[in-house]
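Encoded as structure tokens, the structure appears first; notes follow it.
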Amino acid sequence: MKQDKNPEAMKTIIKNPRVIVLLVMVFFHTAGWAQQPYKVSGTPAITIAGTSTMHDWTMTSKQATAQAQFEVDANGQLSKVNSILVIIPAESLKSGKGAMDKNAYNALKTDKNKDLKFQLTAANVNGNNIVAQGTLTIAGSSKPTELSVTGKHEANGIRFQGSKKIKMTEINVEPPSFMFGSVKTGDEITITFDITLSNK
């Protein structure tokens, strides 16, 4: 068996308190001490807005869950996004009009697909600006998506805001209609989000 050629040096390192402190700091850094899981803090706001042949419409949700891993600098500013999964219960989206909600849930196929999801695959952070690549899943159909997001450090966590325009038909969602088909919604919708994540 190969013996340590300098056991006295190892003993000296172990006895040196400064070296021990340095080793502990390195351990916690490499173990992801700065990457504690982040979850939703406060009340999120997710809005889906669109048009119809009669009037514009909006559905809003105040419910979301998230699991995320970030790296932040000494000032708490976001420096790297490693992972994000955001889940929104589809039937938490409300327009304030029961008939419209029912038709929207049918279009979203909520009987089989309970959630809307965004799963990050890559992200480029430049100050407060983030370009996020990921997979958006709606009504059971998934679509590669790029989001332009702002991520700002605030007292209760990191606040993310952004919006994305998509066409429902691109994710195999049939634009819902109302009043026996006499009122039809437009294909394009805008998804807007305002969500704060914290590791406390």
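Numbering (the working numbering), first residue to last: 2 to 201. Glycine included, every Cβ here is placed at the ideal spot set by N, Cα and C.
The shortest C-alpha to C-alpha distance from THR61 to any of GLY187, GLU92 and ASN200 is the one to GLU92. Boundaries of the alpha helix (DSSP H) harbouring LYS103: 99-109, taken from the DSSP string. With respect to the 8 Å criterion, THR122 and THR138 are not classified as neighbours on the basis of their beta carbons.
THR193: member of the beta strand (DSSP E) spanning 189-199, first to last residue. With the rule of 3 Cβ pairs closer than 8 Å, the stretch 47-55 counts as touching the stretch 186-199.
About 19 Å separates the CB atoms of ILE159 and LYS165; that is not less than 8 Å, and the two are not in contact. The three-state reading of DSSP puts GLU171 in helix, counting H, G and I together. Listed in chain order, the beta strand (DSSP E) elements of length 3 or more contained wholly in the stretch 104-165 are 116-127, 130-139 and 142-155. In this model, VAL184 and MET55 are separated by some 6 Å (Cα to Cα).
A distance below 6 Å between beta-carbons, with the five flanking residues on each side excluded, links ILE172 to the following residues of its chain, in chain order: ILE139, SER142 and LYS144. Taking 8 Å as the cut-off, the Cβ atoms of ALA105 and PRO177 count as close.
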